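Report on the structure given below.
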Amino acid sequence: MIRLENLTVSFGGVTALDALDVELTAPVVGLIGPNGAGKTTLLNVMSGFVTPRGGDVFLAGQRLTHLRPADRARLGLRRTFQQEQVVEELTVWENVQAIADHLADPRRGRAEIARAIGRVGLSGKERMPGAHLNLLERRLVELAKTLVGGPKAILLDEPGAGLDEIESRRLYTLLKDIPGELGAQMVVIDHDAEMISSFCEQTVVLDFGRLLACGPTKAVLNDEAVRRAYLGSASS
Ligand SMILES: Nc1ncnc2c1ncn2[C@@H]1O[C@H](COP(=O)(O)OP(=O)(O)OP(=O)(O)O)[C@@H](O)[C@H]1O
Ligand SMILES: [Mg+2]
Numbered sequence: 235m236i237r238l239e240n241l242t243v244s245f246g247g248v249t250a251l252d253a254l255d256v257e258l259t260a261p262v263v264g265l266i267g268p269n270g271a272g273k274t275t276l277l278n279v280m281s282g283f284v285t286p287r288g289g290d291v292f293l294a295g296q297r298l299t300h301l302r303p304a305d306r307a308r309l310g311l312r313r314t315f316q317q318e319q320v321v322e323e324l325t326v327w328e329n330v331q332a333i334a335d336h337l338a339d340p341r342r343g344r345a346e347i348a349r350a351i352g353r354v355g356l357s358g359k360e361r362m363p364g365a366h367l368n369l370l371e372r373r374l375v376e377l378a379k380t381l382v383g384g385p386k387a388i389l390l391d392e393p394g395a396g397l398d399e400i401e402s403r404r405l406y407t408l409l410k411d412i413p414g415e416l417g418a419q420m421v422v423i424d425h426d427a428e429m430i431s432s433f434c435e436q437t438v439v440l441d442f443g444r445l446l447a448c449g450p451t452k453a454v455l456n457d458e459a460v461r462r463a464y465l466g467s468a469s470s
């Protein structure tokens, strides 16, 4: 479980997160909101890439706020980026290994890398260089990187961005069982409300860095303020 306590982030005059107080309790949590609402900033604060002006981040009761990104990763926090980060010159295997190298036991690392690559359906492509992968395969490599080393929380920043409907469905079908299999919580940013609706038990809505709504996904998506701010209209 992830708890965010009174988080505030400012970039110059922009308040990207404004005293955000929320508890992510479901195994799969959706994070939605209009462009610029603060979704990526929130993932950046959780993973340690942005330091908040105030407030705290807790994972399973442990305060992470003072820890560097690598230390948070060792505690089980994993993330992907809105712009995928596959290294073109490295193979699929090496891209995943770069994360697994943080593991203490290298033999355990190799088995985990193979399992993670298999789990995302990329077995047989281990030696393929990043440069030869299509967008879906790149997103799958990113996903495989989050699966090694005993993740406790997996944060995905628009994993379906740029994919067509069939690819996106394939990705989400893969994602669906991961929290149960690994006992890891998953937080997913996506602009596709239908996907969020079918995938996430709990949904958090941000608007101008503030918490607009948080609760069971269906109730949140039917909330009038959410429909007005995010889905465009309360009446249509
Ligand atoms: N490094 C930065 N420097 C300055 N301003 C930033 C920085 N990162 C984010 N912002 C600003 O903070 C606000 C929140 O941005 P953020 O990227 O978190 O939004 P988002 O909800 O992820 O949007 P999108 O749906 O477009 O990805 C925006 O006004 C953005 O311009
Ligand atoms: Mg974003």
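Note that the sequence shown covers residues 235 to 470 in my numbering.
Ideal Cβ placement from N, Cα and C applies to all residues, glycine included.
In this text, all values refer to a predicted model and were calculated from it rather than measured experimentally.
Rounded separation between residue i and residue j - CA only
i	j	result
ARG461	LYS359	43 Å
GLN316	ASN329	17 Å
SER469	ASP457	Note that SER469 scores a pLDDT of 41, beneath 50, so its modelled location is shaky; the value from the coordinates is reported in the next line. One C-alpha to the other measures close to 11 Å.
ASP290	LEU276	12 Å
LEU397	GLU371	10 Å
VAL262	ALA459	23 Å
PRO450	GLN436	5 Å
ALA334	ALA253	35 Å
VAL248	GLY267	17 Å
ARG306	ASP441	27 Å
PHE433	VAL422	9 Å
GLY343	ALA250	37 Å
SER467	LEU301	Caution applies to SER467, whose pLDDT of 48 falls short of 50 and renders its modelled position unreliable; the value that the coordinates give is listed next. C-alpha separation (whole angstroms): 41 Å.
GLY394	HIS366	19 Å
ILE400	VAL354	16 Å
ARG373	GLY270	22 Å
ILE236	ARG297	10 Å
ALA260	THR380	19 Å
GLY417	GLY352	18 Å
LYS452	ALA350	32 Å
GLU415	ASN368	27 Å
TYR464	GLU318	25 Å
LEU356	HIS336	22 Å
ALA294	GLY246	32 Å
From the options, residue whose alpha carbon lies closest to that of residue i
i	options	result
MET420	GLY396, GLU371, LEU377	LEU377
LEU258	ARG308, LEU238, ASP252, GLN331	LEU238
LYS273	ASP255, ALA459, VAL438	VAL438
LEU309	VAL263, THR451, GLY414, PHE292	PHE292
GLY288	THR299, GLU401, GLU428	THR299
GLN331	ASN368, SER357, ALA348	ALA348
HIS477	GLU415, LEU416, GLY414, SER402	Residue 477 is absent from the model: the chain starts at 235 and stops at 470.
VAL279	ALA294, GLY295, PRO303	PRO303
ARG361	HIS336, GLU322, LEU369	GLU322
Residue i beta carbon near ligand 2 (any heavy atom closer than 6 Å)
i	result
LYS379	no
LYS273	yes
GLN316	yes
CB of residue i within 7 Å of CB of residue j, strictly
i	j	result
GLY364	LEU324	yes
VAL326	VAL256	no
LEU320	GLU346	Reading off the sequence shown, one finds Val at residue 320, where the question assumed Leu. Going by C-beta atoms, VAL320 is not nearer than 7 Å to GLU346.
GLY264	ILE430	yes
PRO385	ARG312	yes
ALA427	LEU409	no
Residue i beta carbon near ligand 1 (any heavy atom closer than 6 Å)
i	result
ASN269	yes
ALA463	no
GLY310	no
VAL460	no
VAL454	no
VAL291	no
PHE245	yes
ALA250	yes
CB contact below 7 Å: residue i versus chain B
i	result
LEU276	Looking for chain B here will not work: only one protein chain is present.
heavy atom of ligand 3 below 6 Å from residue i C-beta
i	result
LEU251	In the structure on display, ligand 3 does not appear, and the ligands it does have are ligand 1 and ligand 2.
Touch check for the region 440-457 and the region 281-299: three-plus C-beta pairs under 8 Å?
Touching, no.
Kindly confirm or deny that the region 238-247 and the region 378-389 touch, where touching means at least three C-beta pairs closer than 8 Å.
Too few Cβ pairs lie closer than 8 Å, so no.
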